[in-house]
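So the sequence lines, in the order shown, correspond to chains U and L.
If you read the first sequence in my numbering, its first letter stands for residue 1, the second for the next number, and so on.
If you read the second sequence in my numbering, its first letter stands for residue 1001, the second for the next number, and so on.
Heads up, the beta-carbon is just placed ideally off N, CA and C, and yes, glycines get one too.
Worksheet for the structure shown next.
Protein chains: 2
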Amino acid sequence: MENRRDTAKAERRSRIIKAARDLIRETGDAGLSMRALAAKAGVSLATPYNLFGSKRAVLVAVLEDIKGFGTRFASFKSLDPLERILRAARLAVSYYEDDPVFYRALWTSILAASASEERSAIFNQKRDGFWMTLLDDAVNEGLLLPDIDTAILLRNLDYTFRSIMLHWVIAEIEIEDIQPAVGYGYALALRGAATPKGQQLMLKRLKVLQAQCPTPGTKSSRRLADAETTV
Amino acid sequence: MENRRDTAKAERRSRIIKAARDLIRETGDAGLSMRALAAKAGVSLATPYNLFGSKRAVLVAVLEDIKGFGTRFASFKSLDPLERILRAARLAVSYYEDDPVFYRALWTSILAASASEERSAIFNQKRDGFWMTLLDDAVNEGLLLPDIDTAILLRNLDYTFRSIMLHWVIAEIEIEDIQPAVGYGYALALRGAATPKGQQLMLKRLKVLQAQCPTPGTKSSRRLADAETTV
DNA sequence: CGCGTTCTTATAACGTGATATAAATTTGTC
DNA sequence: GACAAATTTATATCACGTTATAAGAACGCG
């Protein structure tokens, strides 16, 4: 907010983000063209490119504009650290559960947007600090092994989260299957990093969550003998 | 190969796949347009659409055309089952390490190709039988808990693999960081599903692999206090 | 005020993936 | 060999993301 020029620019930026959000909600993925976006934002076609650089960047900005995670998380402080992590993951999933149409369209658009050289902060969101605190708490209370580098563990948890979301976006997971899948993945990785004490806790959760997961292997025709497979 | 018509069609199909593969190798992702592909395959622009349906489908066909996994795997039979799984994962990674330019371009194209309603077999490749055998062996030898549903565990391992590959394609992981990242993720999940005996084995591997992983948290400015985060 | 800078605007253009159409060609069958 | 069916072909067209261009407006500064 230095110049009046910059405030006008910021105003245009947020107008574009809002227009994109509304367009996705109204018309879904399909209706979101740059021409429609510019019209809806009351702006020229070139402006989103000036301010963001590409369609993908606009959509990433939409994603980053969605906040309020910490607020809803206030009430978990009494639980043990591992349980807190699972609750936090569940809370993260709930964002998608609350508005699946929007998020699916958003991610579809982001993935479909043409290739770019972006220094993609798509995945490098600023959640690290929050989650690192949770993990470090678990180490301090003797539930995770001190040998484990929590930063690397966190990245591994992120991998699980993203992959399940991508699977939901691209293929045919039902939205209600996401929560147990994420919970299971998190519990499994946490048990892999846990002390004996933490392992007991996670094993209980694993059994519960496993029962909630749809078993992919129940198709009667599983091909057991083809070693000639694709990478 | 019933009719002569079908053989000609199959021949055209494989000519298109080969042309796509060659085009990616020669010009990278950028040079692969449907017009260039049709020209290189000696075929009309409409033909790839007739035979495959979309650009994405062509690229998926290219991916599925790459085989030979089982052959290279013959020699691991003397190792313990968990170690075999880690070796197999490493072998899968080696495909990408051997030709990173090609695979990155291929995946970029697949992700960037316009949205589609495909019953995406992109990820549902036919590797299940091979990996299920490995996991079941580990259960039978008392290294993994019998409570664990190996099908769900396998899907979880797949999540890790895909996510790391996607991360490599989209963002800036170095190709040499993939192998430890995949190994760590697999060892972590396997330890999470392991018996005490299996856990000891995996913990050793975890420590080694952890040391090979680049630590994402070593940036001096880690923001610890922002609970206001993005989902 | 006036000048220069910066940015938006309007518009045209390019190459793209995809689709539609009618003509040409190939194939299987009689 | 001739006919019918199917499909490739050639071509035109569409909407899209993106870029380039020139013209105009808003601003900071003297």
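| Item | Value |
| --- | --- |
| Taking all protein chains shown into account, do 16 or more other C-beta atoms lie within 10 angstroms of the C-beta of L/Gly1185, making it buried, or fewer, making it exposed? | buried |
| Roughly how far, in whole angstroms, is the beta-carbon of L/Arg1162 from the beta-carbon of U/Ser163, given that I think they are within contact range, below 8 Å? | 5 Å |
| Can you find a C-beta in chain U that's less than 9 Å from the C-beta of L/Met1034? | no |
| Please list, in chain order, the chain U residues whose beta carbon lies closer than 8 Å to that of L/Ala1089. | Within 8 Å Cβ-Cβ: nothing; L/Ala1089 doesn't reach chain U, min ~11 Å. |
| Measure the C-alpha to C-alpha separation of U/Lys40 and U/Val60 and round it to an integer number of angstroms. | 18 Å |
| In this structure, does DSSP put L/Ala1194 in helix, strand or coil? | strand |
| CB U/Lys18 to CB U/Met34, shorter than 9 Å? | no |
| Check whether chain U comes within 9 Å of L/Ile1024, counting only Cβ atoms and requiring the distance to be less than that. | no |
| Is U/Val93 buried or exposed, if buried means 16 or more other CB atoms sit within 10 Å of its CB? | buried |
| Tell me L/Lys1144's beta-bridge partners as DSSP assigns them. | Per the sequence shown, the amino acid found at residue 1144 of chain L is Leu instead of Lys. In DSSP, L/Leu1144 forms a bridge with L/Ala1194. |
| Measuring only the C-alpha atoms, how far is L/Ala1105 from U/Leu111? | 15 Å |
| L/Arg1191 touches chain U at which residues, Cβ-Cβ below 7 Å? | Gly192 |
| At a cut of 8 Å, does the region 1164 to 1182 of chain L reach the region 191 to 199 of chain U through at least three beta carbon pairs? | no |
| Residues of chain U with a CB under 8 Å from the CB of L/Lys1018: which are they? | Residues of chain U passing the Cβ test: none, with the nearest at roughly 17 Å. |
| Which two residues bound the contiguous alpha helix (DSSP H) that contains L/Pro1081? | Pro1081 to Asp1098 |
| Quick one: is L/Thr1160 near chain U, going by C-beta distance under 9 Å? | yes |
| At least one CB of chain U closer than 9 Å to the CB of L/Lys1207: is that the case? | yes |
| Please work out which residues of its chain come closer than 7 Å, Cβ to Cβ, to L/Arg1012, disregarding the five sequence neighbours upstream and downstream, and give them in chain order. | Val1043, Thr1047 and Leu1051 |
| What ranges does the beta strand (DSSP E) occupy inside the region 32 to 69 of chain U, keeping only unbroken runs of at least 3 residues that lie completely in it? | none |
| Using only alpha-carbon positions, find the residue among U/Thr215, U/Pro214, U/Cys213 and U/Leu188 that is nearest to U/Met202. | U/Leu188 |
| Mind checking which residues open and close the alpha helix (DSSP H) that includes L/Ala1151? | Thr1150 to Ile1170 |
| If you draw a straight line from the C-alpha of U/Asn140 to the C-alpha of L/Ala1151, how long is it? | 34 Å |
| Kindly list the residues whose CB is nearer than 6 Å to the CB of U/Leu206, restricted to its own chain and excluding five residues on each side of it in sequence; keep chain order. | Ala187 |
| For L/Ser1163, decide whether its Cβ has a neighbour in chain U, counting only Cβ atoms nearer than 9 Å. | yes |
| Cutting at 8 Å between CB atoms, please list the residues of its own chain near U/Met132, excluding the five before and the five after it. | Thr150, Ala151 and Leu154 |
| List the residues of chain U whose Cβ lies closer than 7 Å to the Cβ of L/Asp1147, in chain order. | Lys207 |
| Strictly under 9 Å for the Cβ-Cβ distance: is L/Ala1187 near chain U by that measure? | yes |
| Hey, would you say L/Leu1157 sits closer than 9 Å to L/Leu1082, going by beta carbons? | no |
| Enumerate in chain order the residues of its own chain whose CB-to-CB distance from L/Trp1168 is below 6 Å, with the five nearest sequence positions on each side excluded. | Ile1178 |
| Just to confirm my understanding: we take U/Arg148, look at its own chain, exclude 5 residues before and 5 after, and list those with CB closer than 8 Å. What are they? | For clarity, residue 148 of chain U is Ile in the given sequence; the question names Arg instead. If we look at U/Ile148 and ignore the five residues flanking it on each side, its Cβ neighbours are Val139 and Ala193. |
| If you count every other CB in all the chains shown that lies within 10 Å of the CB of L/Ala1088, and 16 or more means buried, which is it? | buried |
| Using the three-state DSSP reduction, which class does L/Ser1078 fall into: helix, strand or coil? | coil |
| For L/Arg1015, I'd like the list of residues in its chain whose CB is within less than 8 Å of its CB, leaving aside the five on either flank, ordered along the chain. | Ala1041, Gly1042 and Val1043 |
| So the alpha helix (DSSP H) U/Thr27 belongs to, where does it begin and stop? | Arg4 to Thr27 |
| For L/Gln1200, decide whether its Cβ has a neighbour in chain U, counting only Cβ atoms nearer than 9 Å. | no |
| What's the call for U/Gln210, buried or exposed, on a 16-neighbour Cβ count within 10 Å? | buried |
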